[in-house]
Amino acid sequence: MRHRQPAICIRAIDYSETSQVLRFFTRDTGVVPLLAKGSKRPRSSTGGALDLLCEGQLVFSQPPSGAMGALIEFTETTSHMALRSDARRLNAALYMIELIGAMLAEADPHPEAFDLLHNALERLGEGDAPTGAVLAYFQWRMLRHSGLLGQLRRCAACGGDVGRGGNVYFSADQGGLLCPACEGACVEKFRLNAATLTGLATLAAAQGRARTTIKDTMGTKETLTDNQATGVNRLLDYHIAYQLGKPLKMTRHAIR
Ligand SMILES: [Zn+2]
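Reminder that position 183 of the sequence shown reads as 266 in the numbering used here, one-by-one numbering, no gaps.
Put into structure tokens, the structure is as follows:
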């Protein structure tokens with residue numbers, strides 16, 4: 084079967100002198116691994132080797148057997164040059180595509196997640212992009228989309244108020260925040276500071292408004308401070324590592 088879809092390259096491996104094995108996140112088919120025969124030739128249908136994060140219209144074939152599909156044509160629409168020139172933004176973008184590849188099964192459509200990644204990369208390419216806040220929003224939305232976000236408003240153990248004091252923890256195993264009365268009984272936990280709690284509340288409030296786009300959320304009104312974004316990013320990265328059973332490779336570069 085032949086498909087034509089918007090797609091973002093989330094993994095690129097050299098396969099031979101002239102070919103690559105690429106993993107694309109497509110809007111309507113989800114993550115697909117593709118053999119790109121001859122893609123490294125300058126006069127190929129892709130115009131040369133494809134790089135991580137390149138975005139465009141992808142034409143590919145997928146055999147019904149479940150065997151690896153083939154790239155037929157790729158027309159780049161966005162090279163994301165602006166974010167590639169800044170290490171912090173590039174690391175955040177690479178973290179995002181690693182997270183997509185780690186969390187989503189192959190050939191499972193997630194158009195909302197595709198739009199989220201597209202918007203986040205576009206935002207990171209803008210000169211005034213608040214990198215930490217964009218990454219925090221992306222992680223939050225991806226976890227929520229996957230049903231893994233957990234209970235972040237009340238204590239996951241007793242359902243009580245967690246308060247805003249110093250002894251609020253998050254347990255990935257318990258699936259949410261723990262109040263000071265419940266945290267003592269829990270071994271696996273991550274301590275939150277006040278900035279992280281405020282950051283989580285801001286993200287939840289933004290999500291509460293219907294059809295909020297990443298641009299609205301990362302605009303002047305609702306954005307997270309650097310401290311809040313850093314706290315939320317550390318927490319959600321911890322949660323993701325627990326869910327996946329190992330940290331993402333980009334964690335040490337993207338999560339400060
Ligand atoms: Zn409790």
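The beta-carbon is built from N, C-alpha and C at its ideal position, and this holds for glycine as well. Remember, predicted model here, so these are calculated numbers, not experimental data.
Straight-line measurement puts the Cα of arginine 237 at about 32 Å from the Cα of asparagine 174. Residue nearest to aspartate 97 within the set Gly267, Ile155, Pro146 and Leu133 is Leu133 (criterion: CA-CA distance).
No residue range can be given for aspartate 134, since it is assigned to no beta strand (DSSP E) and is classified by DSSP as neither H nor E. Where alanine 95 is concerned, the enclosing beta strand (DSSP E) starts and stops at 85-97. The beta carbon of leucine 319 sits closer than 8 Å to those of Ala219, Gln222, Trp223 and Leu226, all from its chain and outside the five residues before and after it, given in chain order. The C-beta distance from leucine 141 to glutamine 88 rounds to 6 Å, short enough to fall under 8 Å. The beta-bridge partner set that DSSP reports for tyrosine 252 consists of Leu261 and Arg274. Sixteen is the threshold: when 16 or more other Cβ atoms of the shown chains lie within 10 Å of the Cβ of glycine 314, as they do, the residue is buried.
Close CB contacts of glycine 139 within its chain, under the 8 Å cut and outside five residues either way in sequence, are with Pro89, Ala90, Phe157, Thr158, Glu159, Thr160 and Thr161 (chain order). Here histidine 228 has His193, Glu195, Ala196 and Leu199 as same chain residues with Cβ atoms under 8 Å from its own Cβ, once five neighbours each way along the sequence are excluded.
DSSP places threonine 101 outside both helix and strand once states are collapsed to three, so it counts as coil. Closest in alpha carbon position to alanine 268, among Arg335, Ser254 and Gly149, is Ser254.
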